[in-house]
Amino acid sequence: MARTGFINNVSTFFGDIGRARRAAYTFERLNAMSDGALAARGMRRDELASVAYKQAFGE
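Heads up, the sequence shown is in the working numbering, so the first residue is 1 and it goes up one at a time.
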């Protein structure tokens, strides 16, 4: 039983790493846009971290 818990924890850990990498990629992509391009998408620069996190982690 303990082994299953360990495997689940490792799986969750690596899943979180993948989601964090997606969040970083999304942030970098959005951050490279001009303020006008962000505004056209209904976003402000100060919201980018939150948008990237929500897209990657679904929260």
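We put the CB at the ideal spot given by N, CA and C, even for glycine.
Discussion item. Under DSSP, the alpha helix (DSSP H) around D46 begins and ends at which residues?
Written reply: Unbroken run through D46: none, as it is neither H nor E.
Worksheet item: Do three or more CB pairs link the region 36-45 to the region 2-14 at distances below 8 Å?
Response: no
Discussion item. So, with DSSP's three-state summary, where would you put E28?
Written reply: helix
Practice prompt. Confirm, please, whether the CB-CB distance from A56 to R29 is below 7 Å.
Written response: no
Worksheet item: Helix or strand or just coil, what does DSSP make of S34?
Response: coil
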